[in-house]
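In full-length UniProt numbering, the protein residues as written are 1 to 578. What follows is one structure encoded as structure tokens, with my remarks underneath.
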Amino acid sequence: MLKQQGINLFEIAPVFKRQEGEPLRLSYAQERQWFLWQLEPHSAAYHLPRALRLKGRLDRAALQRSFDSLIGRHESLRTYLHQDVDHVLQVVRPELHLEIALEAGDAAQLEARVQAEVAKPFDLQQGPLLRVKLLQLAPDDHVLVLVLHHIVSDGGSMQVMVDELVQLYVAYSQGQDVHLPGLSIQYPDYALWQRSWMEAGEKERQLGYWREQLGGEQPVLELPLDHPRPAVQSYRGARVEIGLDAALVNGLKALAQREGVTLFMLLLASFQTLLYRYSGQSDIRVGVPIANRNRAETERLIGFFVNTQVLKADIDGQMTFSQLLAQVKQRALEAQSHQDLPFEQLVEALQPERSLSHNPLFQVMFNHQAEGRRPRGEQQLPGLGVEALEWDSQSAQFDLSLDTQESPEGIWASLTYATDLFDAATVQRMAEHWQRVLRAVVGRAGNRIAQLGMLVDDEQRRLLQDWNRSTAAFEDVAGVHGLFEAQVRQRPDAIALCLGDQSISYAELNRQANRLAHHLIGQGIGPEVLVGVAVERSFDMVVSLLAVLKAGGAYVPLDPQYPRERLLHMLEDSGVRL
């Protein structure tokens, strides 16, 4: 009955544990990761890294014991994949001891060493799918590098792992035992339960909504690119940091409150506005990741839970930003009620045209985190300071991704982009345009989207002034006869005209033109005076034209072959004096 009323039972139905010996099918999200890994087994695009700087007296034995406990607690950390006849299966090792490799490190080469560790490929069929390395910079200065493959982890899982690692280390380094809260299920249990629940009818219920929203044509977002799109994505990327000042953040919060929306909805609408202005397309589709941990059993599990929704905006430049906000709010709330359908199932149902050059269904991602950003300073443990290290991303899973995060200090943002498609300067300019859109809507959310100011001051000056200078200084122009006389001075004996077997030099042509010009001046020919020239094609015709110009007049060419009546009309209409 509840299901018939459209109530989502996914969040309240009990998760069952698997039967002993039951084949461990992959989750839907893992199936897509398996497919991507088979295409690019050496790609680091789906490697999840974390680097922690440890300053102080490090108890390496306690650290090793902490990892042993962590690996024993979470089956995902002991998992590898096996290709069966019909399916790819998860295989969980009963035990796994992962020795923490210790290597001497150099602070000057630290980033390069960490990036090299992150870039090392994983073998999903052999495992382990977790790497741990300890770089020793000094006796009391270490960097712990953790790398997991996305097929057994996600961003939330990485935080769970670090939190539990810290709890275990604090206890073990002080000679104490620690008992973390028990886990009622493991990730393979969740994967089997999710598949069973979807196949029992939940998939069709949720798919109906998404077909209505996204069915039909599946457009590719055509942003202006600096480079042609390659046939196969390389996943090479870079990141541009964006700083939003306090006044702008306060304005955004006030606008969200007035409009009755969350900051997520407001920032998403602003990003979709930017994409509309850049692409000119009215159908703007943006991928939005969701944690997909809305059940108590999954909150402290390590595994691949994150799901992706595709939020569509139908934008008309004549609509106001407030109207777009209302649309975004409605669709975000509806999507929340249909968030459990795995993205992979949506792709399979909608059947977009597949291409290795871009992501299916959407090419741009928006990721907003409402919880406060963890402080970048050190976290103090007994005898040890722990600091998370961050570097610019060197991979991009999509054409463009906007990441935003709320914190007590404000809003942090960054744009990650595919370097195969965009130059850094282009994305930096895009970031500035986004901030201009934000300032414009804070000022007047009732303005039409097409009228929102987006250009920064330098661009406005360049367009309106530098590229629109209509004044220009012209030097005195000698005219045709002046240019001719310059040629006479340079090459007086050179042939100027040929007609049949006859020719005339520049000097002789100039002398004849001068004689006739003096005669014309005597007849009153000068500036603003028109002279009719009716001469067959000959040397005399050229002499006549030059003479009129030398006298300061203007000639009216009259073809002797024209009928007499037409020539008379031309003479009368032009008002020639001679």
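Backbone N, C-alpha and C fix where the C-beta goes; we use that ideal spot for every residue, glycine too. Here the structure is a predicted model, which is why all the values come from computation and not from measurement.
Check                                                                                                                                                                     : Outcome
If you draw a straight line from the alpha carbon of isoleucine 7 to that of arginine 331, how long is it in whole angstroms?                                             : Any reading at isoleucine 7 must be qualified, since the residue scores a pLDDT of 46, below 50, and its modelled position is unreliable; no value is offered.
Ignore the nearest five residues each way along the sequence and tell me which others in leucine 381's own chain have a CB closer than 6 Å to its CB.                     : Val170
Which one or two residues does DSSP pair with serine 401 in a beta bridge?                                                                                                : Met365, Thr416
Tell me, please, whether the region 330-344 touches the region 29-41 by the rule of three or more beta-carbon pairs shorter than 8 Å.                                     : yes
List the endpoints of the continuous beta strand (DSSP E) containing histidine 358.                                                                                       : First-last for histidine 358: undefined, no H or E at that position.
Alpha carbon to alpha carbon, what distance is there between proline 219 and methionine 454?                                                                              : 25 Å
Secondary structure at tyrosine 172, three-state DSSP: helix, strand or coil?                                                                                             : helix
Going along the chain, which residues of its own chain have a beta-carbon closer than 8 Å to the beta-carbon of alanine 101, five neighbours each way excluded?           : Val132, Lys133, Leu134
From the DSSP secondary-structure annotation, give me the bridge partner or partners of tyrosine 80.                                                                      : Val91
Could you compute how far the alpha carbon of leucine 77 sits from the alpha carbon of asparagine 250?                                                                    : 43 Å
Just how far apart, CA to CA, sit tyrosine 172 and leucine 98?                                                                                                            : 17 Å
Within 10 Å of its beta-carbon, does leucine 324 have 16 or more other beta-carbons around it, so buried, or fewer, so exposed?                                           : buried
Which residues does DSSP pair with arginine 18 in a beta bridge?                                                                                                          : In DSSP, arginine 18 forms no bridge with anything.
Which value, in whole angstroms, describes the spacing of the CA atoms of alanine 534 and alanine 486?                                                                    : 27 Å
Output needed for serine 574: all residues of its chain with C-beta closer than 8 Å, excluding positions within five of it in sequence on either side, in chain order.    : Leu530, Gly532, Val556
Determine the direct distance from the alpha carbon of proline 224 to that of glutamate 164, and round the result to whole angstroms.                                     : 45 Å
Leaving out the 5 sequence neighbours to the left and right, which residues in its chain are closer than 7 Å to valine 178 when beta-carbon positions are compared?       : Gln167, Leu168, Ala171
Of the residues Leu244, Gln83, Gly317, Val147, which one's Cα is nearest the Cα of leucine 129?                                                                           : Val147
Helix, strand or coil: which one does DSSP assign to serine 196?                                                                                                          : helix
So, for tryptophan 34: in the same chain, excluding its five sequence neighbours on each side, which residues have a beta-carbon less than 6 Å away from its beta-carbon? : Val88
Using CA coordinates, which residue listed in Leu137, Ala191, Pro121, Val114 is at the minimum distance from glutamate 22?                                                : Ala191
Do valine 232 and leucine 356 have their beta-carbon atoms positioned less than 8 Å apart in this structure?                                                              : yes
Output the boundary residues of the beta strand (DSSP E) element that contains aspartate 283.                                                                             : 283-290
Determine the burial state of aspartate 458: buried for a count of at least 16 other Cβ atoms within 10 Å of its Cβ, exposed for fewer.                                   : exposed
From the DSSP secondary-structure annotation, give me the bridge partner or partners of arginine 448.                                                                     : Thr320
Who are the near neighbours of arginine 373 in its chain, counting only those whose CB is closer than 7 Å to its CB and skipping five residues on each side?              : With a pLDDT of 48 at arginine 373, under the threshold of 50, the modelled position of this residue cannot be trusted, and the question is left open.
May I ask which residues mark the beginning and end of the beta strand (DSSP E) holding histidine 142?                                                                    : 141-149
Which runs of the beta strand (DSSP E), 3 residues or longer, sit entirely within the region 236-290?                                                                     : 237-243, 283-290
Throw me the rounded Cβ distance for the isoleucine 449 and phenylalanine 321 pair, which I believe falls under 8 Å.                                                      : 6 Å
Per DSSP, lysine 312 is paired with what?                                                                                                                                 : Arg285
Rounded to whole angstroms, what is the Cα-Cα separation between leucine 2 and arginine 195?                                                                              : For leucine 2, the pLDDT reaches just 40, beneath the cut-off of 50, and the residue's location in the model is therefore unreliable, although a value from the coordinates is still provided. Their backbone Cα atoms lie some 21 Å apart in a straight line.
Quick one, are the C-beta atoms of valine 261 and lysine 329 less than 8 Å apart?                                                                                         : yes
With a Cβ-Cβ cutoff of 8 Å, do valine 480 and leucine 578 count as a contact?                                                                                             : no
Can you tell which of Tyr276, Glu334, Asn307 has its C-alpha closest to the C-alpha of residue 579?                                                                       : Outside the displayed range of the chain (1 to 578) lies residue 579, so it cannot be described from this structure.
Thinking just about the alpha-carbon of each residue, which of Ala326, Ser234, Ile290, Glu353 is nearest to the one in glutamine 339?                                     : Ile290
Go through its chain and collect everything with a Cβ distance to valine 118's Cβ below 7 Å, but skip five positions before and after it.                                 : Ala44, His47, Pro49, Val147
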